[in-house]
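Report on the structure given below.
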Amino acid sequence: MRRPLLSGSLSDPSFSAVGATRATDTINVERRRGAIIAVVANGKGGCGKSTLVLNMAIGYGQRKQRVLIIDADIEQKTASKWPRPAGLAGPVVVASPTVEILDRLAAVIGHYDIVLIDLAGRDDRAAAPVLAVADILISPAKPSHQDLSELDRFIRVAKAKATPHLVVFNEATRETTGELSQLVQEFSQFKPFLPTAMQQLAGYRRAYAYGRSVLEYKQAHPAKENFCRVFRQIEAAISQARANAGMAQ
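Position 129 of the sequence shown, counting from 1, maps to 129 under this note's numbering, and the rest follow consecutively.
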């Protein structure tokens, strides 16, 4: 098995640009061999991108997958700032501007099974080449008209690149849960929506503060149970997207 690269490797100046076409070809070869690329993005800030990315990363890690997180939200760097305790197994997390992702990803993708890309909300135009090599765009959104109205920025680009997309409600409360079906109908142009919403639970914030995922709670916990359902459904959506594209499972 090839050794995963360390977190500093993507930023190593020894990496040279390989050109957009060559980089895309290299990435797609690894995708056909089984590497999965999921882009997580929404035009609205504070939608829960990094929370989703970090918990997905641990979910895949628990399945013995080699996971790389590319944090392209350079201003916030929420994923990069995740205080994962030293010595505790976890994903490799690196920061990279969106415009540099293809070249850098082409250099290292063969060392990973899963690549999760956390894009900044302002990067919808620059994201086109990245979405072209992604298996899926996942857009978390709070259950509000303001947040859902911002979905078009990235979903429009994904559709132009024939990349499947999925909307995941985040921070749903008991009060808003009953409204989700109505919001899905009002914003039906952005379907599909994940059947299970990520709930507004303190367990998510607490887990991040300790450098953990909610999946790592040792005992039963509402946030853990919630994300287990979310993660299973996301995995199924990715598997279906790859099957439709003729990619290895």
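Even for Gly, the Cβ is constructed at its ideal location relative to N, Cα and C.
Check: Touching by the beta-carbon criterion (3+ pairs, under 8 Å), the segment 152-169 and the segment 62-76; Outcome: no
Check: Close-in-space but distant-in-sequence residues of the same chain around ILE74 (CB under 7 Å, 5 per side omitted); Outcome: ALA95, PRO97 and ALA120
Check: Member of GLY110, LEU194, PRO83 and ARG32 whose CA lies at the smallest distance from the CA of ALA237; Outcome: LEU194
Check: Helix, strand or coil at ASP103 according to DSSP, with G and I counted as helix; Outcome: helix
Check: For GLN199: DSSP bridge partner residues; Outcome: ALA172
Check: Contact the segment 86-94 vs the segment 134-154: 3+ CB pairs below 8 Å; Outcome: no
Check: Three-state secondary structure (DSSP) of ASP259; Outcome: Only positions 1 to 249 of the chain appear in the structure, and residue 259 is not among them; the question remains open.
Check: CB of LEU215 within 8 Å of CB of ILE58, strictly; Outcome: yes
Check: CB of ALA41 within 8 Å of CB of ALA126, strictly; Outcome: no
Check: Span of the beta strand (DSSP E), counted from its first residue to its last, around ALA38; Outcome: 36-40
Check: Residues near ARG22 in its chain [Cβ-Cβ closer than 8 Å; skip 5 each side]; Outcome: ALA106
Check: Proximity of MET198 and PHE227 at Cβ, strictly below 8 Å; Outcome: yes
Check: ILE109 beta carbon less than 8 Å from that of VAL39; Outcome: no
Check: Length of the line joining the Cα atoms of SER188 and ALA86; Outcome: 44 Å
Check: LEU166 versus LEU180, GLY61 and PHE190, residue with shortest Cα-Cα distance; Outcome: PHE190
Check: Local Cβ density within 10 Å of ASN55, reported as buried at 16 or more and exposed below that; Outcome: buried
Check: Assumed close pair THR24, LEU102 - CB separation to whole angstroms, cut-off 8 Å; Outcome: 7 Å
Check: Identity of the residues DSSP links to LEU137 by a beta bridge; Outcome: VAL39 and HIS165
Check: Sequence ranges, alpha helix (DSSP H) only - wholly within the segment 55-106, length at least 4; Outcome: none
Check: Alpha-carbon to alpha-carbon, GLN240 and GLY19; Outcome: 30 Å
Check: Cβ-Cβ distance between VAL230 and VAL168 below 8 Å; Outcome: yes
Check: Run of the alpha helix (DSSP H) containing ILE109, from where it starts to where it stops; Outcome: Run containing ILE109: none; DSSP gives neither H nor E here.
Check: Simplified DSSP assignment, three categories, for PHE187; Outcome: coil
Check: Distance CB(ASP113)-CB(GLY43) smaller than 8 Å; Outcome: no
Check: Euclidean distance between Cα positions of VAL29 and ALA35; Outcome: 9 Å
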